[in-house]
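In order, the protein sequence lines correspond to chains A and B. My numbering puts the first residue of the first sequence at 45, with every later residue one more than the last. My numbering puts the first residue of the second sequence at 45, with every later residue one more than the last. Note that CB positions come from ideal geometry on N, CA and C, so glycine has one too. Because the structure is a prediction, the values reported are computed rather than measured. Notes follow the structure.
2 protein chains.
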Amino acid sequence: MKDGPPIAGIAALIGDRARADILVALMAGQALTATELSEVAGVTKQTMSAHLSKLLDAKLLSMQSQGRHRYFRLADPDVADLIERLTGVAQRSGAVRLKSSPREPALRKARVCYDHLAGDLGVRVLDSFEKRRFVRHVEDRLELTRSGREFCEAFGLDLESAPGRRPLCRPCLDWSVRRNHLAGVLGAAILERCYELGWAKRVAGTRVVQFTAAGERAFCERFSVEGRTR
Amino acid sequence: MKDGPPIAGIAALIGDRARADILVALMAGQALTATELSEVAGVTKQTMSAHLSKLLDAKLLSMQSQGRHRYFRLADPDVADLIERLTGVAQRSGAVRLKSSPREPALRKARVCYDHLAGDLGVRVLDSFEKRRFVRHVEDRLELTRSGREFCEAFGLDLESAPGRRPLCRPCLDWSVRRNHLAGVLGAAILERCYELGWAKRVAGTRVVQFTAAGERAFCERFSVEGRTR
DNA sequence: CGCATGGTTCGGCGCACGACGAACCGTTGG
DNA sequence: CCAACGGTTCGTCGTGCGCCGAACCATGCG
């Protein structure tokens, strides 16, 4: 009755960039919403929706609706175990690389994640902020310190006129680098300011943020970002 | 530097029908040659060759050349562990079925595996032979008993004029049903006889063996095969 | 030596599946 | 009530990759 070895189905499910990103992100243990996951994986919501339903069907994930959100987590510890083994084997295999998708090259360096800066540059900004004690981790959240606030004002950011209850500052997991970058009002304000200063602009139709040569230099200096960005 | 989560690459590798078949077959622990594996998985040697090199690259398999053969086995116990976890999760997930390839339907029932009969019918023949004590397992090999030999002669098989050192009778693992069917000279002779008797013929261009309605009835009676073959 | 057999390489074909745009529901909050 | 936002459904497009036929090397045996 059943088709070929069942493991093929499950493995194929995991063997997709976007879905693997989801699973890895959920290894942290906390439940995430569909939209958050779509950011993590770097795909649109429709695409994510399709992926999530497949993973649900296969019972790799579980979901609970809460208000208008849907929270996803790994279905059970066995799944987490599986992913862990998989990473183990993957490590020693010297990371078989999946054929890199065409969109990759520029996206990795700098791109828009909603309205803030992600990609390599985005991650480095957060690194630098942490090193200079401009931000502090408080549980899962991020807090701007006094010196951080001063720095931001000096850079010409307007953090006060922010609307509603959007967090000022929060970390956002980056799908390409697997590390956090700066989101929230602050993240958005920084990107906005880069546009204003003429350091960068968006490439139409994509999520790529293109820095000018001078803009990149200025940016790196300002944020104490060292080294080449690839 | 590295692309997306490494687990995606490994999982994608396992998430292919043919390759999953390979891995499952090798879970038994004994090393198999490339050609044997191609039969197990139901693909040609070229295709198998491509799969095997990918699995080798990823270090999921190890290989040793011996004479003109190449023997493949699982690279190490961790890989076996991984596959086992995977089957575990797959079980409880209620076997996510991989989109069934177009060739499936008829192939499952009866098909040619090299020159002998495989598929559901092939497996049942061996079952019946075992139950009636026509064959006996001797380590990994199969031996035709005295009564088995009589039965075969009565059916009109010529087992004597077989050329060279090809084994008279050996088991061959079936990729679809995951069970053995009858290979070797005997397996070939049975299929040949079915053609002669007009019970079945091959469908051109495929490996499907098509039985006539009467042929199938006669076949089942002769070999004491019970039940519908779905 | 020639022939059979185990494996690999190359080129072309076809298909499954992931990606997105657009349009559509449901919930929340003003 | 409307506007905004979280998610899903539908149709389409592009492409990666698994498959095979044919041709090619290597080994082993008579």
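How is the alpha helix (DSSP H) around residue i delimited, first residue to last?
i                : result
Lys103 (chain A) : From DSSP, Lys103 (chain A) is part of no alpha helix (DSSP H); its letter is neither H nor E.
Ala85 (chain B)  : Ala78 to Ala85
Ser191 (chain B) : Arg190 to Ala198
Cys238 (chain B) : Gly228 to Glu240
Gly53 (chain B)  : Pro50 to Ile58
Leu70 (chain A)  : Arg61 to Leu70
Thr131 (chain A) : Pro121 to Arg136
Going by DSSP, what residue range makes up the beta strand (DSSP E) through residue i?
i                : result
Leu165 (chain B) : Note, Leu165 (chain B): premise wrong, no beta strand (DSSP E); alpha helix (DSSP H) at Gly163 to Lys175.
Leu118 (chain B) : His113 to Leu118
Gln254 (chain A) : Val253 to Phe255
Val179 (chain A) : Val179 to Val182
Ala75 (chain B)  : Ala75 (chain B) -> no beta strand (DSSP E), and no H or E assigned at all.
Ala154 (chain B) : It is not in any beta strand (DSSP E) - Ala154 (chain B) carries neither H nor E in the DSSP assignment.
Would residue i count as contacting chain A if we go by Cβ distances under 8 Å?
i                : result
Arg112 (chain B) : no
Ala154 (chain B) : no
Val167 (chain B) : no
Val123 (chain B) : yes
Gly192 (chain B) : no
Leu130 (chain B) : yes
Val269 (chain B) : no
From residue i to residue j, what distance separates their C-alpha atoms?
i                : j                : result
Gly166 (chain B) : His225 (chain B) : 5 Å
Tyr115 (chain B) : Leu96 (chain B)  : 11 Å
Ala244 (chain A) : Thr256 (chain A) : 6 Å
Lys98 (chain B)  : Lys89 (chain B)  : 14 Å
Thr77 (chain B)  : Glu83 (chain B)  : 10 Å
Trp219 (chain B) : Thr79 (chain A)  : Low per-residue confidence applies at Trp219 (chain B): pLDDT is 49, beneath 50, and the placement is therefore not dependable, though the value from the model is reported in the following sentence. Going from the Cα of Trp219 (chain B) to the Cα of Thr79 (chain A) covers about 41 Å.
Lys153 (chain B) : Gly59 (chain B)  : 24 Å
Gly231 (chain A) : Cys213 (chain A) : 7 Å
Ser109 (chain B) : Ala75 (chain B)  : 11 Å
Val253 (chain B) : Arg237 (chain B) : 13 Å
Ala62 (chain B)  : Gly228 (chain A) : 46 Å
Asp101 (chain B) : Ser137 (chain A) : 8 Å
Leu188 (chain B) : Ser106 (chain B) : 34 Å
Pro50 (chain B)  : Ala64 (chain A)  : 9 Å
Ala69 (chain B)  : Ala124 (chain A) : 25 Å
Asp159 (chain B) : Leu130 (chain B) : 34 Å
Ala262 (chain A) : Phe199 (chain A) : 12 Å
Ser191 (chain A) : Arg266 (chain A) : 15 Å
Gly53 (chain A)  : His113 (chain B) : 31 Å
Phe195 (chain A) : Arg176 (chain A) : 10 Å
Gly276 (chain B) : Leu126 (chain A) : Residue 276 (chain B) lies beyond the stretch modelled for chain B, which goes from 45 to 274, so this question has no answer here.
Thr273 (chain A) : Val133 (chain A) : Below a pLDDT of 50, predicted positions are generally treated as unreliable, and Thr273 (chain A), at 44, falls in that range; the measurement from the model is reported next regardless. Their backbone Cα atoms lie some 29 Å apart in a straight line.
Leu186 (chain A) : Arg117 (chain A) : 23 Å
Leu104 (chain B) : Met92 (chain A)  : 30 Å
Asp164 (chain B) : Leu67 (chain B)  : 22 Å
Val179 (chain B) : Asp122 (chain A) : 42 Å
At the 8 Å Cβ level, is residue i part of the contact set with chain B, yes or no?
i                : result
Ser137 (chain A) : yes
Ala102 (chain A) : yes
Arg117 (chain A) : no
Leu105 (chain A) : no
Ala94 (chain A)  : no
Pro50 (chain A)  : yes
Val133 (chain A) : yes
Ile127 (chain A) : yes
Measuring from the CB of residue i, is there a heavy atom of the ligand PLP at a distance below 7 Å?
i                : result
Phe255 (chain A) : The model on display carries no ligand, and the ligand PLP is accordingly not part of it.
Exercise. Could you list the residues in the region 52-82 of chain B with a C-beta less than 7 Å from some C-beta on chain A, going in chain order?
Key: Within the region 52-82 of chain B, the qualifying residues are Ala52, Gly53, Ile54, Ala55, Ala56, Leu57, Ile58, Gly59, Asp60, Arg61, Ala64, Asp65 and Val68.
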